[in-house]
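K.L.:
Residue numbers (UniProt numbering), protein chains in the order written: chain A, 1 to 602; chain B, 1 to 176.
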Amino acid sequence: MSLSDVLSPFSAWKNLFRDPVTIPDPLNDRPGAPRYRGFHQNDIEKCIGCGTCEAICQNAAIDMVAVAEIATKPGDSGLRPRIDYGRCCWCALCVDVCMTSSLSMSNEYKWVDHDPDAFCFIPGVDLKHWDSSELGYRRPEGHRLTGIERVAMGELEPEVRADSFVEIVAGYDLEQAKLEADRCVSCGLCVATCPTHMAVPEYIATIRDGDYEQGVRLLYQTNPFSNVCGRVCTHRCETSCAARHEGDPIAIRWLKRHIIDQVTHDRIKQIAAEGRVSKPSGHQVAIIGAGPAGLTAAFDLAKAGHGVTVFEALPAPGGMMRYGIPEYRLPYDKLDEDVDVIRSMGVEIRCNTRVGEDISIDQLREQHDTVLLSIGLHQGRSTRIPGSEHEDVVSAVELLRRITFGERFDVPTTVAVIGGGNVAMDIARSLARMQRQQHGQVGVTLVALEAEDLMLADREEIDEAREEGVVIIPSRGPRQCLIERDALTGLETVHCVSVFDDQGRFAPNYDDSDIQIHDAGLIVEAIGQAADHAFLGESLTEALEWERNRIRIDADGRTSESWLWAAGDAVQGPDVITAVAAGHRIAASMMEAFAGTSAQTH
Amino acid sequence: MRDLYDRLKTAFPLGELTEQRPDLAFVTVAKEQLRSLLLHLRDQEGFTHLVLLTAVDWLEEGNFQLTYLMNNRLACRDLGVRVMLPRDPASMDSIHDLWPTAATYQRELREMFGIDFPGSPRVDEDFILEGWIRTPPYRRDFDTLKFSDEVFAPRPGRASSDPTEFMKQQLYPDKT
Ligand code: SF4
Ligand code: SF4
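Okay, structure coming up:
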């Protein structure tokens, strides 16, 4: 007899202490396998109501339904999936595609009810005992039906771009754009977030179909500045994109640019003119300022047959799109193309015509039915620190304007920029380029009041500025401009501990023991802009209602004067696409006012 | 499994070995070699049990993939043998004479994927679908949604909202 024979009874006994494999009460207790595809669970806080589960279901078992306790907000439709178990086949495609991983399946599979309608339920809302089950089917790690990563955009390398104003971003080619467009699940959550509610999923679909003319048609339904917005839009839509929850948001802005890049300018003009009313209505509109708000309103009004004249003080149209945004982000010829389409609608743009000097606002009022004020913010604000009245302390907007004018001015070897927003980045990066051209090296220091992670500029602007040699120092407050024998020599800053007080009011708190001096032959202030309202004249200024230093407008952009509307940065801000949306609203509001009234005889 | 693979390779032209677990691996073999490989596995390598026979529809490539999962009880390991065959018309040699149970799998594959196994007992008889005249339902070009819309009555009271439209109603109803 071998030893193992002697021991074998004991080795059987040891199983006594193990968990039994058999189920003690098989009639009542029959758990599903750990990864069983049983009844659905949905984490309704995580779910964003994108409806992708509904779209993929091959049995039409899912409806998206409103749920009382869930509010609609940017990036969340407020709808939640309801599943009809009369149709569900438990394939789990809905779980596999779910954009947030909120949807899963428990391993529960027994459910008895006398009411057949009970089997149509909203997981996570209609509470079930399996809602908190840990076991069941989850999408396996790394298993994804939609692409997670954004197709990388070709950009000029820092060494190549640092001394040139050539456009940095290359744009997608056909193949890249199709790949990126393929990641979009067409949920449309982004549409509500876009200020002008562009038909994003529909125009992305035209890339998949290769139907670029239809793409342009869709873009022009809501936005006559697709060349501009396809490059410099603040792309808030992307913050609501369903794809951002478990990967990169769709590159909506770059896809828009891709569409407009594929169609010839002449064809774009034809498409934009579709539906244009050729018979003049007789109504005349004056628009002051050829920025995105004014020109969008002009486009809509002219397309509907109204006479539009735009008065622009500067030599070329575009407003801040031309005089604020540097050429390496938005080439002038692309802006010119968008403006040309608007002109081709019959809009007359009179440049070098400053209202208040070349023509009075009273004259405009007399000669037109309505007037739109869309003048923008073209005056830089000053820090008013000691020494800031020196002639080499200038505002960013003024300097950006001079760069657009093509003025060749000498940039000293050291420059300090005050401000942490996008305008500060624009001027710092522009001056860095000029320094490299003139001196072969960069000497720009940018000081921002905010801490690194709270700076107002876009992250990519900050990163790219650093790549190009700009030294960015967060948490510094400007103290004084240093002047020796009439010459500017530097900027003194102090450590900024916090920018806002407990109530969230602007009240910077400084640590006076931490002082730095930054060499600077030129100091640029980029801390905000103001509008110049002087041309309105005393009586109109008196008559208008104001909200601090902005003209008060209603939701349609109407001022307190019945003939006058206002839009753009001077009343609203903060970006091109908001101005475009305002332009549309105002055109619609003016046309409503025209309806039923006959045109003035001018 | 590597040892087994190396031995098999001397006699059969095999594709790459995919090792999923220490006791589970897959190899691909040409259609013509399947029978002799299965016989060799059964008689020389101890893979006496056919665990299952199943198919995958690689619609885009125009192929069906058959997987014959073989088990070696003594060694406690499984080897999946994969065969690719053209999708249309799909036909494969029967192995019911090697494992009688194969006839049942083959009948199921005939019904669900439309893959023929000439000579396999009762292969053309209905299996679980009764009187099915449409595209075999496991083929990926079978439109499940269309089928369920045609065959099943909609449940009264069901309605769905489109997220974009719903958000417009909730957040910006007056804007055009
Ligand atoms: S796919 Fe996921 S996140 Fe989107 S609605 Fe369905 S459950 Fe919610
Ligand atoms: S871009 Fe994003 S949010 Fe918009 S439709 Fe596509 S997936 Fe949805």
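Here a beta-carbon is modelled for each residue, glycine too, at the ideal position from N, C-alpha and C.
(1) Could you say which of A:268, A:183, A:187 lies nearest to residue 219 (chain A) if we only look at CA atoms?
(2) Grouping DSSP H, G and I as helix and E and B as strand, with all else coil, what is residue 150 (chain B)?
(3) Exposed or buried, what is residue 327 (chain A) when buried is set at 16 or more other beta-carbons lying within 10 Å of its beta-carbon?
(4) What's the call for residue 450 (chain A), buried or exposed, on a 16-neighbour Cβ count within 10 Å?
(5) Pick helix, strand or coil for residue 92 (chain B), following the three-state DSSP scheme.
(6) Determine whether the beta carbon atoms of residue 163 (chain B) and residue 188 (chain A) lie at a separation below 8 Å.
(7) Report the residue from A:362, A:252, A:101, A:141 whose alpha carbon sits nearest the alpha carbon of residue 535 (chain A).
(8) I'd like the span of the alpha helix (DSSP H) that includes residue 637 (chain A), first residue to last.
(9) Counting only beta-carbon atoms, is residue 159 (chain B) nearer than 8 Å to chain A?
(10) Determine the burial state of residue 129 (chain A): buried for a count of at least 16 other Cβ atoms within 10 Å of its Cβ, exposed for fewer.
(11) At the level of alpha carbons, what is the spacing between residue 96 (chain B) and residue 46 (chain B)?
(12) Find the residues of chain B that neighbour residue 77 (chain A), judging by a C-beta separation of less than 7 Å, and give them in chain order.
(13) Count the other CB atoms within 10 Å of the CB of residue 71 (chain A); is the residue buried (16 or more) or exposed (fewer)?
(14) Tell me which residues share the same chain as residue 216 (chain A) and place their Cβ nearer than 7 Å to its Cβ, disregarding the 5 neighbours each side in the sequence.
(15) I need the DSSP call for residue 122 (chain A), collapsed to helix, strand or coil.
(16) Less than 6 Å between C-beta atoms, sequence neighbours within five positions excluded: which residues of the same chain meet that for residue 286 (chain A)?
(17) Which residues of chain A have a Cβ atom closer than 8 Å to the Cβ of residue 18 (chain B), listed in chain order?
(18) Which residues, in order along the UniProt domain "4Fe-4S ferredoxin-type" (175-204) of chain A, keep a beta-carbon less than 8 Å from a beta-carbon of chain B?
(19) For residue 87 (chain A) versus residue 42 (chain A), is the C-beta spacing smaller than 8 Å?
(20) In angstroms with no decimal places, state the Cα-to-Cα distance between residue 140 (chain B) and residue 57 (chain B).
(21) Looking at chain B, which residues of the segment 206-217 of chain A have a Cβ within less than 7 Å of any of its Cβ atoms?
(22) For the segment 123-169 of chain A, list the alpha helix (DSSP H) runs that are entirely contained and at least 4 residues long, ordered along the chain.
(23) Would you check if there are 3 or more beta carbon pairs closer than 8 Å linking the segment 515-532 of chain A to the segment 379-398 of chain A?
(24) Counting pairs of beta carbons, one from the segment 329-336 of chain A and one from the segment 233-251 of chain A, are three or more of them closer than 8 Å?
(25) Kindly list the residues whose CB is nearer than 7 Å to the CB of residue 349 (chain A), restricted to its own chain and excluding five residues on each side of it in sequence; keep chain order.
(26) How many angstroms separate the CA atom of residue 64 (chain B) from the CA atom of residue 184 (chain A)?
(27) For ligand 1, which residues count as neighbours when the test is a C-beta closer than 6 Å to any heavy atom?
(28) How many angstroms separate the CA atom of residue 53 (chain A) from the CA atom of residue 94 (chain A)?
(29) Check whether chain B comes within 8 Å of residue 241 (chain A), counting only Cβ atoms and requiring the distance to be less than that.
(30) Which same chain residues, not among the five before or five after residue 319 (chain A), have their C-beta less than 7 Å away from its C-beta?
(31) Identify each residue in the segment 139-168 of chain A for which the Cβ-Cβ distance to at least one residue of chain B is less than 9 Å, and report them in chain order.
(32) Taking 8 Å as the threshold, find out whether the segment 429-441 of chain A comes into contact with the segment 481-489 of chain A through three or more Cβ pairs.
(33) Are residue 557 (chain A) and residue 510 (chain A) touching if we call contact CB-CB under 8 Å?
(34) Where does residue 434 (chain A) fall in DSSP's three states?
(35) Rank A:83, A:378, A:565 by C-alpha distance to the C-alpha of residue 400 (chain A) and give the top, closest one.
(36) I want to verify the contact list: residues of chain A whose CB lies under 8 Å from the CB of residue 172 (chain B), in sequence order.
P.N.:
Per the coordinate set shown:
(1) A:268
(2) helix
(3) buried
(4) buried
(5) coil
(6) yes
(7) A:362
(8) Here chain A covers residues 1 to 602 and nothing more, so residue 637 (chain A) does not appear.
(9) yes
(10) exposed
(11) 19 Å
(12) 163, 166, 167
(13) exposed
(14) 259, 260, 263, 268, 271
(15) coil
(16) 309, 364, 368, 371
(17) What residue 18 (chain B) touches in chain A: nothing, since even the nearest Cβ is about 17 Å away.
(18) 187, 188, 189, 191, 192, 197, 201
(19) no
(20) 6 Å
(21) none
(22) 158-161
(23) yes
(24) no
(25) 290, 310, 312, 317, 343
(26) 30 Å
(27) A:42, A:47, A:48, A:49, A:50, A:51, A:52, A:53, A:81, A:98, A:99, A:100, A:102, A:103
(28) 4 Å
(29) no
(30) 289, 290, 291, 292, 376
(31) none
(32) no
(33) no
(34) helix
(35) A:378
(36) 192, 197
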